[in-house]
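These notes are about the structure you will find just below.
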Amino acid sequence: MYTILLIITILLGFILMTKGVLKQEVAMPIVALVAVILAGAPDGNKAIHEGFSEFSRIAVLFTAVAVPAHLLQRSKLFDWIGMWIGELIGKTFIKTSLSLTLLIPAFSLTLVYIMASLFHNTTSILVSSIIIFVICKSYDLKGLPILAGALVASNLGGFSTRWGDTPNIIESAQWGLVHKDFFLEIMPINISALIILIIIVSLWLKKSTKKENIIKINKFKTVYALVKFRNARKDMSLDKRLIFFGIAGLILAIIGPLFFITYELAFSALAIIISTLGDYNEHRSQGLLALGIETYATLASIFVLAQVLTNSHIGISKIFQDLLLRENNVFAITTISYFGTLLTEAASWASAASPIVHSHFPTHLGAWALGSGIFAGSSSLVTAASAGIILTQETKNFPEGYRVTFGSYVIFGILFSLLMLIYYSLILSIFYK
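Counting in the working numbering, the sequence shown runs from 2 upward without gaps.
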């Protein structure tokens, strides 16, 4: 009975967010609090304690990236990079006559994918969202399709390397995966999925462009835009102090843990301290809260909800785990992991499901099937993974047509994630027997 009530509550929350009746930073805490009430004592108390314990670590790690990233944003470096990429896109358009509705998604989503692969998917979203905004605004194109696609591209990039996303680290420890395994076995599939994503986002962008009656950009207008890009970059004043401390903070937060993973929190704390002290006095408080209190509230709520779903007598996650124990094929693992991630959270589901999947599939196939389901589930809703929550926060002050919200993303997210669920299930079944 309690399980049914909680599922109804979660679905109602999704509907209210889709309709725009409640913002996600309001809906998710309410859903989490209802979950705690339904869990009762002592499960509810345990869910709050363990949920906030997990959240506190994530909050430090994400803040360590957000503070220096926002220093770089205020330094105008991201605007400069966006204009430089905009120039490259314009030059490519003039030389090849390829449509801008294809070139802009191709350049932008590839950038997001590479950054997520090299660093982390949340880092990629923090850095790339403003760059994509600058490019789309300059060419007078609606940025929503590309920014929505950026969330999927960041999840794809995160799934391509051992350090790209938290579930990868969990799966690597369970299966003994090394960097070479990701590079040779799953990255080629992810790159093919990225190409599919670019094509679909391009079609969406073209459709929205026609719907808005935007005049087709010809070569003359592109040359004019190139001149504007070049002049704007030359005249742009970059704040070297913010750039220095921003880059120093990102190096500490991202590069340090790659070599000394046990000191991840220490590196993150040091990155926050250096970035904050390197900022101007009047902006330090603003820098520390760069992600916004709404992001922290949503993240904390999701971790508490995940604990109720995973470790209480309500046992939705337990139902999925029992299904995994009974089923031992790729389709079952990817599908169950998809819904497990959607209802709980990527890292929480990876922790719960990895030992079970490994017992059935000790080969790398099990890891890729689990990871594929988690990738698809993380891309289904903006609340299904941390990168989506951060994306909504980063775009909330963008103009209409550029903001990513639960409602503006949900149709694209559900449809594309289901396509990816089928795609990965088929590819893994055919090529990894």
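Quick reminder that beta carbons are idealized off the backbone N, C-alpha and C, glycines included.
7 Å Cβ shell around residue i - same chain, five flanking residues per side excluded
{"i": "Glu55", "result": "Phe304"}
{"i": "Pro30", "result": "Ala298, Ser302"}
{"i": "Thr296", "result": "Ile390, Ile391, Gln394"}
{"i": "Ser355", "result": "Ile171, Glu172, Gln175, Leu371"}
{"i": "Ala226", "result": "Gly91, Ser139, Tyr140"}
{"i": "Phe183", "result": "Ser161, Thr162, Arg163"}
{"i": "Leu1", "result": "Residue 1 lies beyond the range of the chain shown here (2 to 434); nothing can be said about it."}
{"i": "Thr277", "result": "Val68, Arg285, Gly288, Leu289"}
{"i": "Leu103", "result": "Ser203"}
Pairwise C-alpha distance: residue j and residue i
{"i": "Asp323", "j": "Leu310", "result": "14 Å"}
{"i": "Ser129", "j": "Gly414", "result": "19 Å"}
{"i": "Ser1", "j": "His121", "result": "No answer is possible for residue 1: it lies beyond the span of the chain, which begins at 2 and ends at 434."}
{"i": "Ala347", "j": "Ser381", "result": "12 Å"}
{"i": "Ala307", "j": "Trp350", "result": "8 Å"}
{"i": "Pro43", "j": "Ala149", "result": "40 Å"}
{"i": "Ile294", "j": "Leu127", "result": "16 Å"}
{"i": "Thr345", "j": "Ala33", "result": "11 Å"}
{"i": "Ala254", "j": "Ile275", "result": "11 Å"}
{"i": "His180", "j": "Val22", "result": "44 Å"}
{"i": "Asn214", "j": "Leu422", "result": "With a pLDDT of 49 at Asn214, under the threshold of 50, the modelled position of that residue is not reliable, and no figure is offered here."}
{"i": "Ser155", "j": "Val405", "result": "15 Å"}
{"i": "Pro363", "j": "Leu178", "result": "11 Å"}
{"i": "Val202", "j": "Phe53", "result": "36 Å"}
{"i": "Met84", "j": "Gly41", "result": "54 Å"}
{"i": "Leu266", "j": "Leu292", "result": "18 Å"}
{"i": "Thr336", "j": "Ala48", "result": "26 Å"}
{"i": "Ile131", "j": "Ile357", "result": "40 Å"}
{"i": "His365", "j": "Thr167", "result": "18 Å"}
{"i": "Ala270", "j": "Leu101", "result": "42 Å"}
{"i": "Tyr264", "j": "Phe94", "result": "46 Å"}
{"i": "Glu51", "j": "His359", "result": "25 Å"}
Contact set for residue i: own chain, Cβ-Cβ below 6 Å, skip 5 residues either direction
{"i": "Gly87", "result": "Ile136, Ser139, Phe230"}
{"i": "Ile8", "result": "none"}
{"i": "Gly45", "result": "Val37"}
{"i": "Lys143", "result": "Ser209, Gly402"}
Beta-carbon contacts of residue i that lie in its chain and below 8 Å, excluding the five residues immediately before and after
{"i": "Phe268", "result": "Ala65, Leu253, Ala254, Gly257, Pro258, Phe261"}
**Q.** Whole alpha helix (DSSP H) elements within the segment 101 to 137, 4-residue minimum
**A.** Qualifying alpha helix (DSSP H) stretches, in chain order: 101 to 119.
(Q) Assess contact between the segment 382 to 390 and the segment 147 to 162, defined as three or more Cβ pairs (one per stretch) separated by less than 8 Å. Is contact present? (A) Contact between the segment 382 to 390 and the segment 147 to 162 is present, because at least three Cβ pairs lie under 8 Å.
Q: Report yes or no: do three or more beta-carbon pairs, one from the segment 103 to 117 and one from the segment 273 to 284, lie closer than 8 Å?
A: Verdict: no, contact absent.
Q | Touch test, the segment 375 to 384 against the segment 410 to 430, Cβ-Cβ under 8 Å, three pairs minimum | A | Output reads yes: the segment 410 to 430 touches the segment 375 to 384.
Q.
Contact between the segment 242 to 250 and the segment 72 to 80 is defined here as three or more beta-carbon pairs at a separation below 8 Å; is this criterion met?
A. Judged by Cβ distances under 8 Å, the segment 242 to 250 makes contact with the segment 72 to 80, as three or more pairs qualify.
Q. Can you list the beta strand (DSSP E) stretches of 3 or more residues lying completely in the segment 230 to 260, in chain order?
A. The DSSP assignment places no complete beta strand (DSSP E) segment of no fewer than 3 residues inside the segment 230 to 260.
Q: Could you tell me whether the segment 9 to 16 touches the segment 394 to 403, using the rule of 3 or more Cβ pairs below 8 Å?
A: By the C-beta criterion, the segment 9 to 16 is judged not to be in contact with the segment 394 to 403, since fewer than 3 inter-stretch pairs fall below 8 Å.
Q) Can you list, in chain order, the stretches of the alpha helix (DSSP H) that have 4 or more residues and sit fully within the segment 289 to 317? A) Correct list: 294 to 312.
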